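These protein sequence lines are chains E and G, in that order. Every number in our numbering is 25 more than the matching position in the first sequence, counting from 1. Every number in our numbering is 25 more than the matching position in the second sequence, counting from 1. Every residue gets a Cβ at the ideal spot worked out from N, C-alpha and C, and that includes glycine. Note that the structure is predicted; figures quoted are calculated from it, not measured. This report concerns only the one structure given below.
Number of protein chains: 2
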Amino acid sequence: MQTLHALFAAAKRAYDSGGTPHGPIGDTAAHAIELLAQRARSRGLAQCDGKAYSVFEASGRVSRPFLPSLYEPDPRVFQAEWRALVQAAQPKAKCYGLAAARSNRVLYTALTAFCVCYDLWKPGSRKTPGTFFEAVLGSILQPVLPGFRREGHVILPGQTENVSTDIVFHSPASAHGGLVIPAKITTRERVVQPFAHQRILDSIFGAGAFKSVLICVSEMQRDGDANANAICVPGTIRLFQMHLAAMSGIGYLDPPARYLAADVSSVIPVFTVGELLETRLPLIV
Amino acid sequence: MQTLHALFAAAKRAYDSGGTPHGPIGDTAAHAIELLAQRARSRGLAQCDGKAYSVFEASGRVSRPFLPSLYEPDPRVFQAEWRALVQAAQPKAKCYGLAAARSNRVLYTALTAFCVCYDLWKPGSRKTPGTFFEAVLGSILQPVLPGFRREGHVILPGQTENVSTDIVFHSPASAHGGLVIPAKITTRERVVQPFAHQRILDSIFGAGAFKSVLICVSEMQRDGDANANAICVPGTIRLFQMHLAAMSGIGYLDPPARYLAADVSSVIPVFTVGELLETRLPLIV
Chain E
26 MQTLHALFAA AKRAYDSGGT PHGPIGDTAA HAIELLAQRA RSRGLAQCDG
76 KAYSVFEASG RVSRPFLPSL YEPDPRVFQA EWRALVQAAQ PKAKCYGLAA
126 ARSNRVLYTA LTAFCVCYDL WKPGSRKTPG TFFEAVLGSI LQPVLPGFRR
176 EGHVILPGQT ENVSTDIVFH SPASAHGGLV IPAKITTRER VVQPFAHQRI
226 LDSIFGAGAF KSVLICVSEM QRDGDANANA ICVPGTIRLF QMHLAAMSGI
276 GYLDPPARYL AADVSSVIPV FTVGELLETR LPLIV
Chain G
26 MQTLHALFAA AKRAYDSGGT PHGPIGDTAA HAIELLAQRA RSRGLAQCDG
76 KAYSVFEASG RVSRPFLPSL YEPDPRVFQA EWRALVQAAQ PKAKCYGLAA
126 ARSNRVLYTA LTAFCVCYDL WKPGSRKTPG TFFEAVLGSI LQPVLPGFRR
176 EGHVILPGQT ENVSTDIVFH SPASAHGGLV IPAKITTRER VVQPFAHQRI
226 LDSIFGAGAF KSVLICVSEM QRDGDANANA ICVPGTIRLF QMHLAAMSGI
276 GYLDPPARYL AADVSSVIPV FTVGELLETR LPLIV
């Protein structure tokens, strides 16, 4: 874990000073995959939404549930796929020329391996997985948003308070506008936040000046030793999208089946992060 | 604590079936005051905002901070003051004919005694103090809102989701309108909720059909063994009030000095609960 933490810290430093540290992020994730291969065991947990979830176990601890069908257990294969993703950036087209399924697999593997290592060997560091998720997303989105300025907040004229977004890409085309990316590994009770922020941005800068895409890993939670549930609030999301503020969509690495049903997806676009990168991003920004 | 829990459960049952159980609530609070007088010791903790806070200690546990200057330690005096408040209801005028300072003291004492007993002797029951607060507020507001129908949510036409308010008084004057009372002992990170709910109600029923008054005990938190802080987010509250939705005010039993400053109170009315009951309520509903 010391090596993993040092690799993560180096990636975070580079990211925080404005970089897109693809190498350090790939090395961090590859090391996490290797730690799990060497020191943890996986076992099947439960079926949920027709998908088979597993957990990793080590040191008497049990990890969050994950999808083995979307997880690449070989660090060398992962590194090759991560390089394939990074090299597929098409800045002019604002998208990636890599099939959505491949992007989903490599990003899901990076996040899962990193989060599971912290579940097993450093469960007290509750904020670290979210920080890594931010750095991964920011570093992957930056190359296909050329000229956009990346920050962590939107400055509000005439307010003492800023809107703290996880990531915001300020548009080169206007003084006040851009793409807001709230990044949550799972949303749980915090789903109101990105909708409330979108409403405030609409109110201050005019509707649509800033657009928000909420990006999540999944909504899966382990429920005891033999069960997994997707914690979904479809009625709440419909209500917020219709009457609080309209976001431009929600992207998941492992989308909950409930949110792909028509009553939700007819109100707010729900897609995989791979689809966002392959085809949807240019339609939004 | 068994007796306290039984008294509380009886009050809650009567409240949940639509009643205004002033007797059972007074008995519950008086018993909590008595338990503390007999089995706990208070000691000074710290000064904050020019006010001296204390804590109760018992069974090796330390309670939340409270203001001894606003706490009535004699259960008989408390019961007399509680009856004086209940009897001061002026339904036609929609207010109470009791000085704000007396209402604040009796309500603050009831809430403090109850919460502190749970801090010391049943700290696992995290939701119980909030439930008691709801029953106290609902039972005190109901007599001065004659004809209003009390519920815990607003049904939204065309939505599968309701807006879960802590308390809502549906107006007798219109099919869709009334007074929403989010009741939070302290707000902390949940302050976005009542503003988001107000925005949704404005969007669905028209601005101002429903009005919200957030009611809290205080924002005081104990910080270690010798310190107390008021956790305030003035910039956030200004921002939400101006750009998320306008609430009709925030009432505290022990208002934080920071929220009485002009930069906040010029944007959103901040008052004591006693002031709400004595003079402000008829201006809102």
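Give me, in chain order, the residues of the same chain whose beta-carbon lies closer than 7 Å to that of residue i; leave out the 5 immediate sequence neighbours on both sides.
{"i": "His201 of chain G", "result": "Phe230 and Ala234"}
{"i": "Ile225 of chain G", "result": "Val188"}
{"i": "Gly61 of chain G", "result": "A small correction: the amino acid at residue 61 of chain G is Leu; Gly does not occupy that position in the sequence shown. So the list reads Phe81, Ala138, Val141 and Cys142, once near-sequence residues are dropped."}
{"i": "His47 of chain E", "result": "Val111 and Ser164"}
{"i": "Ala39 of chain E", "result": "Pro46 and Pro49"}
{"i": "Tyr78 of chain E", "result": "Leu70, Ala71, Pro90, Phe91, Leu92, Met245 and Ala253"}
In angstroms, rounded to a whole number, what distance separates the CA positions of residue i and residue j?
{"i": "Thr153 of chain E", "j": "Arg89 of chain E", "result": "15 Å"}
{"i": "Arg305 of chain E", "j": "Gln104 of chain E", "result": "25 Å"}
{"i": "Asp191 of chain E", "j": "Arg263 of chain G", "result": "21 Å"}
{"i": "Leu28 of chain G", "j": "Asn252 of chain G", "result": "First, the residue type needs correcting, since residue 28 of chain G is Thr and not Leu in the sequence shown. In a straight line, the C-alpha of Thr28 of chain G is about 32 Å away from that of Asn252 of chain G."}
{"i": "Ser164 of chain G", "j": "Gly85 of chain G", "result": "34 Å"}
{"i": "Leu95 of chain E", "j": "His178 of chain E", "result": "32 Å"}
{"i": "Glu300 of chain G", "j": "Pro294 of chain G", "result": "11 Å"}
{"i": "Gln184 of chain G", "j": "Thr261 of chain G", "result": "29 Å"}
{"i": "Val242 of chain G", "j": "Pro49 of chain E", "result": "49 Å"}
{"i": "Ser199 of chain E", "j": "Pro307 of chain E", "result": "17 Å"}
{"i": "Arg175 of chain G", "j": "Arg64 of chain G", "result": "37 Å"}
{"i": "Glu303 of chain G", "j": "Ser196 of chain G", "result": "20 Å"}
{"i": "Asp227 of chain E", "j": "Arg215 of chain E", "result": "20 Å"}
{"i": "Gly276 of chain E", "j": "Thr297 of chain E", "result": "5 Å"}
{"i": "Leu278 of chain G", "j": "Pro93 of chain G", "result": "13 Å"}
{"i": "Met272 of chain G", "j": "Ala124 of chain E", "result": "48 Å"}
{"i": "Val292 of chain G", "j": "Cys120 of chain E", "result": "44 Å"}
{"i": "Ala270 of chain G", "j": "Phe194 of chain G", "result": "19 Å"}
{"i": "Phe220 of chain G", "j": "Met26 of chain E", "result": "42 Å"}
{"i": "Ala287 of chain G", "j": "Gly274 of chain G", "result": "14 Å"}
{"i": "Gly122 of chain G", "j": "Thr134 of chain G", "result": "19 Å"}
{"i": "Arg108 of chain E", "j": "Gly75 of chain E", "result": "31 Å"}
{"i": "Gly44 of chain G", "j": "Gly149 of chain G", "result": "28 Å"}
{"i": "Pro281 of chain E", "j": "Pro98 of chain G", "result": "53 Å"}
{"i": "Val289 of chain G", "j": "Arg130 of chain G", "result": "25 Å"}
{"i": "Phe33 of chain G", "j": "Val310 of chain G", "result": "30 Å"}
{"i": "Phe91 of chain G", "j": "Ala36 of chain G", "result": "24 Å"}
{"i": "Leu136 of chain E", "j": "His30 of chain G", "result": "46 Å"}
{"i": "Lys236 of chain E", "j": "Phe173 of chain E", "result": "14 Å"}
So, is residue i buried or exposed, given that buried needs 16 or more other C-beta atoms within 10 angstroms?
{"i": "Gln218 of chain G", "result": "buried"}
{"i": "Asp250 of chain E", "result": "exposed"}
{"i": "Gln72 of chain G", "result": "exposed"}
{"i": "Gln266 of chain E", "result": "buried"}
{"i": "Gln223 of chain G", "result": "buried"}
{"i": "Arg101 of chain E", "result": "exposed"}
{"i": "Ile240 of chain G", "result": "buried"}
{"i": "Pro182 of chain G", "result": "exposed"}
{"i": "Arg151 of chain G", "result": "exposed"}
{"i": "Arg68 of chain E", "result": "exposed"}
{"i": "Pro126 of chain G", "result": "Sequence inspection shows Ala at residue 126 of chain G; the Pro mentioned does not correspond to that position. The residue in question, Ala126 of chain G, is exposed, as its Cβ has fewer than 16 Cβ neighbours within 10 Å."}
{"i": "Gly203 of chain G", "result": "buried"}
{"i": "Ser42 of chain G", "result": "exposed"}
For residue i, collect the residues of the same chain with a Cβ closer than 6 Å to its Cβ; drop the 5 residues on either side in sequence, then sort them by chain order.
{"i": "Arg283 of chain G", "result": "Cys257 and Pro259"}
{"i": "Asp144 of chain G", "result": "Ser88 and Arg89"}
{"i": "Ser128 of chain G", "result": "Leu110, Gly299 and Leu302"}
{"i": "Trp146 of chain G", "result": "Met26"}
{"i": "Ile180 of chain E", "result": "Asn187"}
{"i": "Ile58 of chain G", "result": "Pro100, Phe103 and Ala138"}
Starting from the C-beta of residue i, find all residues in its chain whose C-beta is less than 8 Å away, skip the five residues before and the five after it, and write them out in chain order.
{"i": "Arg66 of chain E", "result": "Phe81, Glu82 and Ala83"}
{"i": "Asn254 of chain G", "result": "Cys73, Met245, Gln246 and Asp248"}
{"i": "Leu132 of chain E", "result": "Leu110, Val161, Ile165, Leu278, Val298 and Gly299"}
Evaluate the contact criterion for the segment 47-58 of chain E versus the segment 152-170 of chain E: three or more CB pairs, one atom per stretch, below 8 Å.
Contact between the segment 47-58 of chain E and the segment 152-170 of chain E is present, with at least three C-beta pairs closer than 8 Å.
For the segment 105-121 of chain G against the segment 161-173 of chain G, do three or more pairs of beta-carbon atoms, one drawn from each stretch, fall closer than 8 Å, so that the two count as touching?
Touching, per the Cβ criterion.
Would you call the segment 209-217 of chain E and the segment 197-213 of chain G in contact, with 3 or more CB pairs under 8 Å?
At 8 Å Cβ cutoff, the stretches do not touch.
Residues in the segment 210-236 of chain G having any Cβ partner in chain E nearer than 8 Å
Within the segment 210-236 of chain G, those residues whose Cβ lies closer than 8 Å to any Cβ of chain E are, in chain order, Val217, Gln218, Phe220, Ala221, Arg224, Ile225, Ser228 and Ile229.
Anything in the segment 188-210 of chain E with a Cβ closer than 9 Å to a Cβ of chain G? List those residues in chain order, please.
Cβ contacts with chain G: Val188.
Any C-beta of chain E within less than 9 Å: which residues of the segment 264-278 of chain G qualify?
Flagged, chain order: Leu264, Phe265, Met267, His268, Leu269 and Ala270.
Residues within the segment 140-169 of chain E neighbouring chain C, beta-carbon criterion of under 7 Å:
Judged by its chain identifiers, the structure shown contains no chain C, and its protein chains are E and G.
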